[in-house]
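Novice: Read in order, the letters of the sequence shown correspond to residues 15 to 215 in our numbering.
Sharing a structure here in structure tokens format.
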Amino acid sequence: MVAKLLLATGNKGKVRELRELLCDLDFSIVTLDDLDERPEMPDETGVTYEENAKIKASVIAQKTGLLTLADDSGLEVLCLGNRPGIHSARYDKDEQSRIDKLHRELGARIPTAARFVCVVALSLPTGDSRSFYGECKGQIIGERRGAGGFGYDPVFLVEGMEKTMAQLSSAEKNELSHRARAVRASAKFMLSPEGKEWLQS
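Now the structure itself:
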């Protein structure tokens, strides 16, 4: 029987990206919506991306008995002291207003250096977890460009490209994004001898 890997997120944009990035693994990828009883996601009480990712992964893994993958990610704007950071998803009430608030805070400092950061946590039902880091550098621009992606993607110009994250194709985003880099690192681990031994522990 093919082992299951549960994606602990309710964000449909993340689910789509994660499915694409993990398609080469010999796992049946399931989401919270696929479960007969959907567990409630725990509060993100950590002070780092890694802590929040591990909280989500370990709690859901223990509730469901499934190998679980969770991530925590955020936008860090250098001139704002790396804010909004771990509070990126709670910076304001919705995606539109979060970008508007960011632009108001930055004012004349646009364009300005920024980076997306992601930590992916894998957790066994025992609570044992491993974490993986990824980042993507770029800058915040003053206009929205592109219809793809989600969150701050339309105003994040990727370093070395003339495209925002929202203008990238799926193939480009799966190569360059912070989440792609962290997820690929987790997939590489699961395929390694060390990872296979850990999965059996």
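Built from N, CA and C at the ideal position, the CB exists for glycine as well.
Report buried or exposed for VAL61, applying the criterion of at least 16 other Cβ atoms within 10 angstroms of its Cβ.
Specialist: The residue is exposed, with fewer than 16 neighbouring Cβ atoms inside 10 Å.
Novice: Are there 16 or more other CB atoms within 10 angstroms of the CB of LEU19, so buried, or fewer, so exposed?
Specialist: Result: buried.
Novice: Considering ALA185, what are the terminal residues of the alpha helix (DSSP H) in which it resides?
Specialist: Looking at the DSSP string, the run of the alpha helix (DSSP H) that includes ALA185 is 184-190.
Novice: For ARG52, which beta-bridge partners are listed by DSSP?
Specialist: Note: ARG52 sits in no beta bridge, so no partner.
Novice: Can you list, in chain order, the residues of its chain whose CB lies under 8 Å from that of THR126, leaving out five sequence neighbours each side?
Specialist: Closer than 8 Å at the Cβ level, and outside the excluded window around THR126, lie VAL91, LEU92, CYS93, LEU120, GLN153, ILE154.
Novice: Is the separation between the beta-carbon of GLY220 and that of PRO168 shorter than 9 Å?
Specialist: Beyond the ends of the chain as shown, which are 15 and 215, falls residue 220; an answer cannot be given.
Novice: Assign ASP85 to buried or exposed, taking buried as 16 or more other Cβ atoms, counted over all protein chains shown, within 10 Å of its Cβ.
Specialist: With 16 or more other Cβ atoms within 10 Å, it is buried.
Novice: Measuring only the C-alpha atoms, how far is LYS177 from LEU171?
Specialist: So the two alpha carbons sit approximately 6 Å from each other.
Novice: For LYS202, count neighbouring Cβ atoms within 10 angstroms of its own Cβ and tell me buried if that reaches 16, exposed if not.
Specialist: So LYS202 counts as exposed.
Novice: Please work out which residues of its chain come closer than 8 Å, Cβ to Cβ, to GLU149, disregarding the five sequence neighbours upstream and downstream, and give them in chain order.
Specialist: Taken in chain order, the residues that qualify are ARG129, PHE130, VAL131, CYS132, HIS192, ARG195.
Novice: Would you mind sorting THR140 into buried or exposed? The rule is 16 or more other CB atoms within 10 Å of its CB.
Specialist: Under this definition THR140 is an exposed residue.
Novice: Whether or not the segment 72-87 and the segment 41-57 are in contact is what I'm after, with contact meaning three or more pairs of Cβ atoms, one per stretch, closer than 8 Å; do they touch?
Specialist: Short answer: they touch.
Novice: Going by other Cβ atoms of all chains shown within 10 Å of its Cβ, with 16 needed for buried, is GLY24 buried or exposed?
Specialist: By the 10 Å Cβ count, GLY24 comes out exposed.
Novice: Can you grab the Cα-Cα spacing for the pair LEU116 / ALA135, in whole Å?
Specialist: Going from the Cα of LEU116 to the Cα of ALA135 covers about 28 Å.
Novice: Under 7 Å Cβ to Cβ from ASN66, same chain only, skipping five residues before and after it: list those, please.
Specialist: Result list for ASN66: GLU58, GLY60, ASP86, ILE100, in chain order.
Novice: Assuming GLU109 contacts PHE164 under a Cβ cut-off of 8 Å, what Cβ separation, rounded to an integer in Å, is found between them?
Specialist: Between PHE164 and GLU109 the Cβ distance is about 7 Å, and since that is below 8 Å, they are a contact.
Novice: Leaving out five residues on either side along the sequence, give the residues of the same chain with a beta carbon under 7 Å from the beta carbon of ILE69.
Specialist: Taken in chain order, the residues that qualify are PRO56, GLU58, THR59, GLY60.
Novice: Would you mind stating whether ALA75 and PHE146 have Cβ atoms separated by less than 9 Å?
Specialist: Taking 9 Å as the Cβ cut-off, ALA75 and PHE146 do not qualify as a contacting pair.
Novice: Please check the pair SER137 and SER72, which I expect to be a contact at CB under 8 Å, by giving their CB distance rounded to whole angstroms.
Specialist: Between SER72 and SER137 the Cβ distance is about 4 Å, and since that is below 8 Å, they are a contact.
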